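Read the structure below first, then the notes.
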Amino acid sequence: MHDIWNPWHGCVKCSEGCENCYMYFLDRVRGHDGAEIYKTKTGFDYPLQRDRRGRYRVQSGEQIRVCMTSDFFLEQADAWRPDAWEIMRQRPDVSFFLLTKRPGRVRDHLPPGWGSGWENIFFNVTCENQRRADERIPLLLDLPFRHKGIMCAPFIGPVRIGQYLESGQIEQVICGGENYDGSRPCDFDWVKALRAECVRYGVTFCFIETGSVFIKDGRRYHLPDKRVQSEMAHKSGMYYPGRPLQFRLTGAFGLPLTEEERYQPHFRPHCAACGSKPICNGCADCGKCERG
Numbered sequence: 006m007h008d009i010w011n012p013w014h015g016c017v018k019c020s021e022g023c024e025n026c027y028m029y030f031l032d033r034v035r036g037h038d039g040a041e042i043y044k045t046k047t048g049f050d051y052p053l054q055r056d057r058r059g060r061y062r063v064q065s066g067e068q069i070r071v072c073m074t075s076d077f078f079l080e081q082a083d084a085w086r087p088d089a090w091e092i093m094r095q096r097p098d099v100s101f102f103l104l105t106k107r108p109g110r111v112r113d114h115l116p117p118g119w120g121s122g123w124e125n126i127f128f129n130v131t132c133e134n135q136r137r138a139d140e141r142i143p144l145l146l147d148l149p150f151r152h153k154g155i156m157c158a159p160f161i162g163p164v165r166i167g168q169y170l171e172s173g174q175i176e177q178v179i180c181g182g183e184n185y186d187g188s189r190p191c192d193f194d195w196v197k198a199l200r201a202e203c204v205r206y207g208v209t210f211c212f213i214e215t216g217s218v219f220i221k222d223g224r225r226y227h228l229p230d231k232r233v234q235s236e237m238a239h240k241s242g243m244y245y246p247g248r249p250l251q252f253r254l255t256g257a258f259g260l261p262l263t264e265e266e267r268y269q270p271h272f273r274p275h276c277a278a279c280g281s282k283p284i285c286n287g288c289a290d291c292g293k294c295e296r297g
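6 is the number of the first residue of the sequence shown in my numbering; add one for each residue after it.
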């Protein structure tokens, strides 16, 4: 996928949401151990890579999700992180979506000259249940980032976050159910309650997928197909566009990117029914759709 940058791979489980980690599952299917942590060889400098015409593969205005097969603030990655920060500093025209379950480690591992944060960094914490929400969101609110969000995924228990949304610092909340081995249920009542809090405070809310086990109106549904999960999330009508997320990205000579300079995503017809479309970079033209 063109919107993911994994400078390192592998992780250490640290909370309830890690129990059925999708990365561990997929690595196991491939005969690998998800607990093996290593710096990626060909992907570490992905945001700086160029195509045959000398253009960046990651285009100006794109949002790139970082460390989707690890945690950016993983202790075992401390030696590699300074170089990753430097890569993000060199691409002020791209926004980087950071997600962590380790906000307690963040302050001591910010780059030199950080100040109140960089405009192109969107910092998010995972809150899979109320315990982790109450543990991580106060740390999130206390950290120096210009853009902050919350991801309730895997959504394995009801979460109330109104007291934190009231701060006005949270720009987006994403939620989605659990997949693969041992998936725990996601209840639609939890989704609706979370959305209602976001609507109250004008915060963008995106329900991206039901998960493999979904409870609605007391009935339990088994949905192993991730495309179906995403379509059901879209049909639920839960998406709420709150206050616009505005990243003041800059290009050459520090000048703000114009609309003409920004990447314009394009989508396939079936993307219209995808729960993730509001937060997606668009089609990567990888050909998988044609291959079925």
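Ideal placement from N, C-alpha and C gives every residue a C-beta, glycine not left out.
Quantities reported herein were computed from a predicted structural model and do not represent experimental measurements.
The region 95-112 makes contact with the region 121-130; the number of CB pairs closer than 8 Å reaches 3 or more. Separation of the CB atoms of Asp-192 and Ile-220 is rounded to 4 Å, and the pair is thereby assigned contact status at 8 Å. Measuring C-alpha to C-alpha distances from Gln-168 to each of Phe-210, Leu-146, Tyr-61 identifies Leu-146 as the nearest. Phe-160 and Gly-223 have their alpha carbons spaced roughly 17 Å apart. With a threshold of 16 other beta carbon atoms within 10 Å, Arg-96 meets it and is buried. In the structure shown, Met-156 falls within a strand segment according to DSSP collapsed to helix, strand and coil. Taking the Cα of Thr-215 as reference, the smallest distance to any Cα among Cys-203, Arg-232, Glu-202 is reached at Arg-232. Comparing alpha-carbon positions, the option among Arg-267, Glu-266, Ala-257, Pro-246 lying closest to Ser-281 turns out to be Pro-246. Here Phe-77 is near Thr-105, since their CB atoms are less than 8 Å apart. The Cβ atoms of Arg-86 and His-114 lie closer than 8 Å to each other. Nearest to Gly-22 by alpha-carbon distance, out of Tyr-206, Met-156, Gly-287, is Met-156.
Only residues of its own chain outside the window of five on either side were considered, and among them Lys-153, Gly-154, Ile-155, Tyr-169, Val-208 have a CB closer than 7 Å to the CB of Ile-175, listed in chain order. The DSSP-derived three-state label of Asp-76 is coil. Distance from Pro-52 to Trp-119 at the Cβ level is roughly 18 Å; contact not present, criterion being Cβ atoms closer than 8 Å.
Take the alpha-carbon of Leu-144 and the one of Arg-110: they are about 10 Å apart.
Proximity to Gly-287 across Glu-24, Gln-68, Val-178 peaks at Gln-68, based on C-alpha coordinates. No Cβ-Cβ contact shorter than 8 Å links Cys-203 with Ile-179.
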